[in-house]
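Asker:
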Amino acid sequence: MHEHDQQQTSAHPEVSGTRGLVAALVVAAGSGQRFGGALPKQFQPLLGRPVLRHTLAAFADHPGVSRIFTVVHPDFETVARQAAQGLEATFVRGGDSRQESVRLGLEAMSEENPDIVLIHDGVRPLVSGRLIAAVRTLSGTGVAALPALRVVDTLKRIDRLGCRTENREDLYRAQTPQGFPYAAILAAHRRFADREVTDDIALAELAGLPVEVVDGDEDNLKITEPEDLRRAERILLSRLADIRTGTGFDVHRFDTTRDLWLGGVKLPEGPGLAGHSDADVALHAITDAVLGCLADGDIGMHFSPRDPRWRGAASSLFLQDARDRVHARGGVVAHVDLTLIGERPRIGPYRQAIRDSIANIMGLPVDRVSVKATTTERLGFIGREEGMAAQAVVTVRLPA
Ligand code: MG
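In this text, residue positions in the sequence shown follow the working numbering: the first is 116, and each later residue adds one.
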């Protein structure tokens, strides 16, 4: 194994007869829940979206990757499909070990028969486009491509004999994606299925496939401990440095014949509000605030009150659409502050339910959703109990 020099790439013969078909195999078949919470770590939220979603999106967004396969545990297939919603990915059922899961994934793409396969840990959500491109290019020359980082810390062996210093020279930390000519790594997996290894390069080594190294990426961390999730969040947030504020304001007239919806919650007391949709004045104000952050018009522009499709519609649809617009630009909603303005009903008993509902619609932790309520001291149309108003301030972070 030797370090790869980018300038030498052209010296390698290109794989003959390639159709340039590059498949990604994302391994997310672990079912361990030691991480805390009800779900394995690949489904834990990272800035409001599952870790696996970030990982799959990195490959889906990459122009050099034509197909994505992901291996998941049968118990979590539904969760995985939800995480991948809107992304084109083929799901494969995993096995008892990582190694078996990868082999099953490789077998599942045999009909596709890609030229190159990039095998990646589902719990490395911060993989960069640069690294995917580098691994893809190198493995296209017919070798196994390993992203790795030199060990720079002094290594100690500490056991019952005490503490000794190990030689760190020539030692590397292996990352993924690891890239391979598909046929070669499939053959290696079949041949060495009974040899326990912890990554796929190890099988390439056993099979005698040449291995070359590309520079790994310190940010391409593997989420193993809860602290890794927080570190990943800090890295992601540092990339979302375009911080924007939007405001929204809305008023609806009371209509005693209708249900009262506030923040996606149907309150057991009224009066209800008049409107074309469910007239959820709170969600309308928040939706406008999100659109304000994007400078992308207002709720009436996207969901015309004259459009029969939105008659009686749940206003959560409007807010989800606005949230999706933020996600489509690679951003996140960071905070929501809502003020409900009305003489009745009293909001206090429903405040927590409304916060939970808004947090759920937006994919936000509930401590990033504030719900406040006030009256207008019996002054004006609100004071005369003709209707109620809502005001929202939303913070959005977009890639700088
Ligand atoms: Mg409205």
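Cβ atoms here follow ideal geometry from the backbone N, Cα and C, with glycine treated the same way.
Starting from the Cα of Asp343, find the closest Cα among Leu241, His442 and Ser181 and give me that residue.
Answerer: Minimum Cα distance to Asp343 is reached at Leu241.
Asker: Just the C-alpha distance for Ser212 and Gly145, rounded to the nearest angstrom, thanks.
Answerer: Distance between the alpha carbons of Ser212 and Gly145: 8 Å.
Asker: Residues in its own chain within less than 7 Å of Gly132 by CB, not counting five upstream and five downstream?
Answerer: Confidence in Gly132 is poor, its pLDDT being 42 and thus under 50, which makes the residue's placement unreliable; the coordinate value appears in the next sentence. Taken in chain order, the list of residues that qualify is empty.
Asker: Taking the alpha carbon of Glu333 as the point to measure from, which residue in Ala429, Arg470, Arg245 and Arg168 has its own alpha carbon closest?
Answerer: Of Ala429, Arg470, Arg245 and Arg168, the residue nearest in Cα terms is Arg245.
Asker: When you compare the CB positions of Gly379 and Ile476, do they come within less than 8 Å of one another, or not?
Answerer: Cβ distance < 8 Å, so Gly379 and Ile476 count as in contact.
Asker: Going by the DSSP bridge assignment, what does Val137 pair with across the sheet?
Answerer: The partner list for Val137 (beta bridge, DSSP) reads Ile231.
Asker: Output the residue ranges of the beta strand (DSSP E) runs that lie fully inside the segment 429-501 and measure 3 residues or longer, sorted by chain position.
Answerer: Entirely contained in the segment 429-501, the beta strand (DSSP E) runs reaching 3 residues are, in chain order, 447-456 and 484-489.
Asker: For Gly390, is the beta carbon positioned less than 7 Å from some heavy atom of the ligand MG?
Answerer: Yes - the ligand MG has a heavy atom lying nearer than 7 Å to the Cβ of Gly390.
Asker: If you draw a straight line from the C-alpha of Ala449 to the C-alpha of Arg283, how long is it?
Answerer: For Ala449 and Arg283, the distance between alpha carbons rounds to 42 Å.
Asker: Counting along the chain, where does the alpha helix (DSSP H) carrying Ile338 start and finish?
Answerer: Here Ile338 belongs to no alpha helix (DSSP H), and DSSP marks it neither H nor E.
Asker: Starting from Arg196 and walking both ways along the alpha helix (DSSP H), at which residues does that stretch end?
Answerer: Per DSSP, Arg196 belongs to the alpha helix (DSSP H) from Glu192 to Ala198.
Asker: Looking only at C-alpha atoms, which of Ala429, Ala302 and Arg168 sits nearest to Ile183?
Answerer: Among Ala429, Ala302 and Arg168, the Cα nearest to that of Ile183 is on Arg168.
Asker: Is Thr362 near Val508, with beta carbons less than 8 Å apart?
Answerer: Closer than 8 Å, so yes.
Asker: Which residues does DSSP pair with Gly294 in a beta bridge?
Answerer: Looking at the DSSP assignment, Gly294 forms a beta bridge with Leu233 and Ala260.
Asker: Who are the Cβ neighbours of Leu398 in its own chain at under 7 Å, not counting the five residues just before and after it?
Answerer: So the list reads Gly378, Gly379, Ser430, Ser431, Phe433 and Leu434, once near-sequence residues are dropped.
Asker: From Gly135 to Glu226, what does the alpha carbon distance come to, in whole angstroms?
Answerer: Their backbone Cα atoms lie some 15 Å apart in a straight line.
Asker: State the CB to CB distance for the pair Val180 and Ala139, rounded to an integer number of angstroms; the pair is presumed to be in contact (CB under 8 Å).
Answerer: Correct: roughly 5 Å between the Cβ atoms.
Asker: Would you say Val509 touches the ligand MG, meaning its beta carbon is less than 7 Å from a heavy atom?
Answerer: Result no, Cβ not under 7 Å from the ligand MG.
Asker: Quick one: using the 10 Å Cβ neighbour count with 16 as the cut-off for buried, is Ser216 buried or exposed?
Answerer: That one is buried.
Asker: Since I believe Gln293 is in contact with Leu264 (beta carbons under 8 Å), could you give me their beta-carbon distance rounded to a whole number of angstroms?
Answerer: Contact flag wrong, Cβ pair sits at about 14 Å.
Asker: Helix, strand or coil for Asp314? Go by DSSP, reduced to three states.
Answerer: If DSSP states are grouped into helix, strand and coil, Asp314 belongs with coil.
Asker: If Thr510 sits next to Ile300, beta carbons under 8 Å apart, how far is it from one beta carbon to the other, in whole angstroms?
Answerer: Incorrect: roughly 45 Å between the Cβ atoms, too far for contact.
Asker: What's the call for Met416, buried or exposed, on a 16-neighbour Cβ count within 10 Å?
Answerer: Met416 comes out exposed.
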